[in-house]
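Okay, so the sequence shown: first residue is 1 according to my numbering, each after it adds one.
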Amino acid sequence: MLSVTNENIEKFSRLKEKYLSQTKIPQKNNWLRVSENDIWLRFITQILIIGSSAPADKFNDSISLRERVSYSSLQKLETDIEKMEAIHYVLRKIRCRYVGDNIQKGWKVKSLANNFNKLQQFNGGPKGFLVSLEELIDDNKETQAINILKKMKGFKDKSCRDFLMEYGMIDNRIALDTRLYNILVKLDVSIPALEEIQRSSRVYNKVENDILQYICKPLGLLGVELDRMLYQNYNSIMVDF
């Protein structure tokens, strides 16, 4: 599925030498130190970045907007339409993609309202949900944990891995997005089309396994180390290499 040459590995080795030391790697099990609101806001961010990361940056920079759709604020609203109205207001304010005037037609608004209700109904709320995922991961059922998270609206192969890696729950996966894909192509790695990878979990899993086997392993890197190194230093890498 992936074709990696010695020349490719040499390029990645130079990347590692230049960028790894300045890369921020999520601490293991840092999810234990976050609140239920932090978890919920992370769910929001995972939806916001679909299509463009700019709205997520605006959201994270605004205390008032984050408070308007905080876990405790939405808990106080009695009906689903009230929750959707609050979410819709915030998403419109930050000019989020795929969010129009009509609340009922915006899939991001519906997805967030649906995910909030699932978390609220879960035993232990958002924290309890993460506990259930961690129990599966500890029991060597990491893939099952990913598949459960994929049942949340808007979560796919990439976003599930990104979410779990950011909270330090898994460390040897790849959240393959446009940035990482562009770097792989830039460094002359032979890889299937991004659309094919995003469309098929089978293809995604195979590409991920090949990256771990043929790039990470020779470099002595965990998946999360390669992933965050490439993502955080994207602009410099695309210019320098």
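Here a beta-carbon is modelled for each residue, glycine too, at the ideal position from N, C-alpha and C.
Here the structure is a predicted model, which is why all the values come from computation and not from measurement.
In DSSP terms, what residue i is bridged to
i, result
"residue 190", "3"
Segment limits, alpha helix (DSSP H) that includes residue i
i, result
"residue 231", "223-232"
"residue 77", "Unbroken run through residue 77: none, as it is neither H nor E."
"residue 201", "201-211"
"residue 131", "125-138"
"residue 175", "From DSSP, residue 175 is part of no alpha helix (DSSP H); its letter is neither H nor E."
"residue 62", "Run containing residue 62: none; DSSP gives neither H nor E here."
"residue 31", "Per DSSP, residue 31 belongs to no alpha helix (DSSP H) and is neither H nor E."
"residue 101", "That residue, residue 101, is in no alpha helix (DSSP H); it is neither H nor E in DSSP."
"residue 116", "107-121"
"residue 146", "142-149"
"residue 95", "Unbroken run through residue 95: none, as it is neither H nor E."
"residue 158", "157-166"
Other residues of its chain near residue i: CB distance less than 6 Å, five sequence neighbours each side excluded
i, result
"residue 85", "none"
"residue 130", "31"
"residue 127", "36"
"residue 227", "174, 175"
CA-to-CA distance, residue j to residue i, given in whole angstroms
i, j, result
"residue 223", "residue 205", "13 Å"
"residue 238", "residue 80", "44 Å"
"residue 91", "residue 78", "20 Å"
"residue 63", "residue 49", "18 Å"
"residue 125", "residue 22", "35 Å"
"residue 159", "residue 175", "7 Å"
"residue 246", "residue 167", "Examination of residue 246 is not possible in this model, given that the chain is present from 1 through 241 alone."
"residue 165", "residue 171", "6 Å"
"residue 144", "residue 211", "21 Å"
Classification of residue i by the beta-carbon crowding that lies within 10 angstroms, buried from 16 upward
i, result
"residue 107", "exposed"
"residue 115", "buried"
"residue 186", "exposed"
"residue 208", "buried"
"residue 13", "exposed"
"residue 70", "buried"
CB contact check: residue i to chain B, cutoff 8 Å
i, result
"residue 181", "No chain B appears in this structure, which consists of one protein chain only."
Sequence-distant residues of the same chain with beta carbon closer than 7 Å to residue i, five excluded per side
i, result
"residue 4", "189, 214, 215"
"residue 98", "51, 106, 107, 108"
"residue 201", "157"
Close Cβ partners of residue i (< 8 Å) along its chain, the five nearest in sequence each way excluded
i, result
"residue 155", "46, 149, 163"
"residue 182", "234, 238"
Residue i CB to nearest heavy atom of the ligand SAH below 7 Å
i, result
"residue 99", "As for the ligand SAH, it is missing from this structure, which has no ligand bound."
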